[in-house]
Amino acid sequence: MSNTNVRWPESLWAATTPAGPVLPELIGTQQADVIVIGGGFTGLSTALHLREAGVDVAIVEAAEPGWGASGRNNGQVIPTLSRPDPDDIVAKHGAAGERFVAMLRDSASYLFDMVRHYRIEAEGEQSGWVQPVHSPGRVKIAERRVSQWSKYGAPVELLSRDQVRDMIGSDAWFGGFWNRTGGHVNPLALARGLAHTVLGLGARIYARSPAESFERRGDKWVVKTAQGEISGRALVVATNAYSGEFSKSLVPDIAHEVMPVLSWQMSTQPLSDNVRKTIIPGRQAMSDTHGELYFARYDARNRLITGGAVLGPGNKVERIKARVTERLQRLWPQIGDVTFDYVWNGYVGMTADFLPRIHKIGPNAYGWTGCNGRAVALTMPLGAELAKAVRGVPESELALPFTEPLPFVAHGLLRQIAPWMLVLYRRRDAQELMRGDRFELLRWAEYFLASRR
9 MSNTNVRWPE
19 SLWAATTPAG
29 PVLPELIGTQ
39 QADVIVIGGG
49 FTGLSTALHL
59 REAGVDVAIV
69 EAAEPGWGAS
79 GRNNGQVIPT
89 LSRPDPDDIV
99 AKHGAAGERF
109 VAMLRDSASY
119 LFDMVRHYRI
129 EAEGEQSGWV
139 QPVHSPGRVK
149 IAERRVSQWS
159 KYGAPVELLS
169 RDQVRDMIGS
179 DAWFGGFWNR
189 TGGHVNPLAL
199 ARGLAHTVLG
209 LGARIYARSP
219 AESFERRGDK
229 WVVKTAQGEI
239 SGRALVVATN
249 AYSGEFSKSL
259 VPDIAHEVMP
269 VLSWQMSTQP
279 LSDNVRKTII
289 PGRQAMSDTH
299 GELYFARYDA
309 RNRLITGGAV
319 LGPGNKVERI
329 KARVTERLQR
339 LWPQIGDVTF
349 DYVWNGYVGM
359 TADFLPRIHK
369 IGPNAYGWTG
379 CNGRAVALTM
389 PLGAELAKAV
399 RGVPESELAL
409 PFTEPLPFVA
419 HGLLRQIAPW
429 MLVLYRRRDA
439 QELMRGDRFE
449 LLRWAEYFLA
459 SRR
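Laid out in structure tokens, this is it:
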């Protein structure tokens with residue numbers, strides 16, 4: 009029954025979040041109406057909504073709720089996808105895509121409403137999410153996204169360069185857009201709070217019990233672990249970026265259609281009030297348009313939570329500290345000396361088209377993967393939709409654009425190569441900034457010539 013045999017990452021979240029519930033392992037033969045594999049955001053949300061409908065549900069979790077990506081991320085609550093815009097989603101998925109866009113549009117508010125309704129202590133701040141653009145050419149991205157999301161009823165706003173400077177406290181960006189419904193949470197506190205809530209509603213959670221396989225026996229699904237098995241009428245596989253980390257044979261097609269990319273997170277020591285009021289003074293969540301994302305938000309103790317990427321062997325922690333320190337001091341010179349007290353990482357599940365993949369994997373069985381860095385907001389209503397699916401709600405009423413699994417060819421090789429895409433992203437970012445510098449020179453030259461007339 010102890011949690012002590014699960015090693016948690018040395019993260020800020022693990023250091024500051026109250027312990028999760030003490031949970032049993034899956035031992036012997038058990039039964040439930042619905043079995044959920046995975047105790048992250050999706051699995052917990054699915055179980056919560058099933059219990060609200062009076063359905064008997066059990067979660068089978070490989071480690072502890074929130075141990076994987078759900079408890080390791082930056083905690084930004086972003087009601088968009090990272091690359092595809094609404095028109096892209098609708099063009100690919102038709103009516104199901106329209107329902108998915110509506111779900112995505114409302115996903116941040118859905119999360120914060122859940123947190124408030126169940127009184128989950130997740131350090132939630134619905135202060136908005138802003139995406140500044142890092143070069144003049146990328147202003148078109150902000151314009152397009154504001155236009156498209158406005159068409160679908162999202163509360164978005166195009167920001168000028170001056171507005172972004174006021175909102176972020178830096179003149180490093182050229183404009184951007186923001187969504188008032190976004191914000192940020194302590195993701196591990198959210199996961200553990202959801203786990204307590206789910207248990208309080210009468211669900212079961214089996215921890216430290218990696219699912220090794222599942223199969224169809226008659227009209228039942230049977231999930232096997234090292235020490236037991238559980239059978240049920242319906243099944244939801246909610247393992248996302250960690251689908252292949254505990255069992256290579258659990259859902260190989262789903263595991264191989266997502267590229268688990270290591271994302272590094274880090275937290276500064278608490279900033280002084282004077283400095284904090286000049287850096288993202290409104291406490292919005294921020295992530296920009298760089299290929300190598302620049303992102304930041306505050307925690308409840310006024311630490312700036314940011315991160316980045318690092319390549320190659322060597323002392324990665326010290327190297328990323330040095331790189332991100334230089335970045336923060338360049339963006340916000342007023343920050344002064346930077347000291348990081350926690351550095352940690354976790355997988356982000358990336359797909360080739362940056363769209364999530366949602367599948368029907370058998371009778372009354374569903375699975376998904378591919379958060380593409382947007383899981384915190386997306387997974388709350390997604391769990392509600394998966395709960396509807398296993399309860400028999402018609403597909404025409406679900407905000408789930410189903411597809412067939414599309415694994416990467418030579419997944420193992422690509423997984424080794426994928427981190428090196430960062431080199432390409434950095435090069436593109438630098439080229440765009442050089443073009444931006446030329447753009448600025450031309451703009452000032454035009455201004456100078458006009459003033460001489």
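Residue numbers (my numbering): 9 to 461. Cβ coordinates follow ideal geometry from the N, Cα and C atoms, glycine included. Remember, it's a predicted structure, so these values are computed and weren't measured experimentally.
- The beta carbon of G183 sits closer than 8 Å to those of P140, V141, V147, A150, L166, L167, S168, R169, Q171, V172, all from its chain and outside the five residues before and after it, given in chain order.
- Counted as a single uninterrupted DSSP element, the alpha helix (DSSP H) harbouring S117 occupies residues 115-125.
- Just measuring C-alpha positions, the residue of S239, R216, R212 sitting nearest E223 is S239.
- Taking a contact as a CB-CB distance under 8 Å, the pair V384 and V85 counts as one, their CB atoms being some 5 Å apart.
- A contact is defined here as three or more CB-CB pairs under 8 Å, and the segment 375-383 fails this definition with respect to the segment 53-66.
- In this structure, S78 is the residue among V14, S78, L34, R436 with its C-alpha nearest to the C-alpha of A249.
- In this structure N82 is in contact with Q273, their Cβ atoms being roughly 6 Å apart against a cut-off of 8 Å.
- Collapsing the DSSP output to three states places P144 in a helix.
- Within the segment 253-325, the runs of beta strand (DSSP E) at least 3 residues long that lie entirely inside it are, in chain order, 267-276, 293-295, 303-306, 312-316.
- The continuous stretches of beta strand (DSSP E) do not include D227, and DSSP gives it neither H nor E.
- If only uninterrupted alpha helix (DSSP H) runs of at least 4 residues are considered, those enclosed by the segment 337-418 are 383-398.
- Of all alpha-carbon atoms in V30, T25, A203, I45, the one lying nearest the alpha-carbon of W229 is that of I45.
- Around the beta carbon of H101, 16 or more other beta carbons sit within 10 angstroms, so the residue counts as buried.
- Straight across, the Cα-Cα distance linking P87 with R305 is about 16 Å.
- With respect to the C-alpha of A392, the residue from Y302, V30, K232, T50 having the closest C-alpha is T50.
- Non-local beta-carbon contacts of R225 in its own chain, meaning distances under 8 Å to residues more than five positions away in sequence, involve S239 in chain order.
- For F182, the secondary structure class from DSSP, reduced to helix, strand or coil, is coil.
- Residue burial annotation: P389 is buried, with at least 16 other C-beta atoms found within 10 angstroms of its C-beta.
- Collapsing the DSSP output to three states places A211 in coil.
- Here Q235 is near L34, since their CB atoms are less than 8 Å apart.
- Secondary structure note for V14: it is in no alpha helix (DSSP H), with a DSSP letter that is neither H nor E.
- Here the segment 12-22 makes contact with the segment 55-75; the two share three or more CB pairs at distances below 8 Å.
- Judged by DSSP in its simplified three-state form, G132 adopts coil rather than helix or strand.
- With three or more CB-CB distances shorter than 8 Å, the segment 256-272 counts as touching the segment 347-362.
- With distances taken between CA atoms, R436 lies nearest to H298 out of N323, H298, M111, S135.
- Fewer than three beta-carbon pairs drawn from the segment 329-346 and the segment 189-199 are found closer than 8 Å, and the two stretches are therefore not classed as touching.
- Annotation for G36: no alpha helix (DSSP H) segment contains it, though the beta strand (DSSP E) segment containing it runs 36-39.
- In this structure, the straight-line span from the alpha carbon of I176 to that of I287 is close to 6 Å.
- In the DSSP annotation of this structure, the continuous segment of the alpha helix (DSSP H) that includes V172 starts and ends at 169-176.
- If you look at A61, you'll find it isn't in any alpha helix (DSSP H); DSSP assigns it neither H nor E.
- A397 and Y374 have their C-alpha atoms spaced approximately 8 Å apart.
- By the neighbour-count criterion, in which 16 or more other beta carbons inside 10 Å mark a residue as buried, K329 falls on the buried side.
- Shortest Cα-Cα distance from N372 to any of D361, A103, I313, I43 involves I43.
- Taking D114 as reference, the option from S158, V401, V351, A219 with the minimal CA-CA separation is S158.
- Taken through DSSP and simplified to helix, strand or coil, L89 comes out as coil.
- Following the DSSP letters along the chain, one finds L243 inside the beta strand (DSSP E) bounded by residues 242-245.
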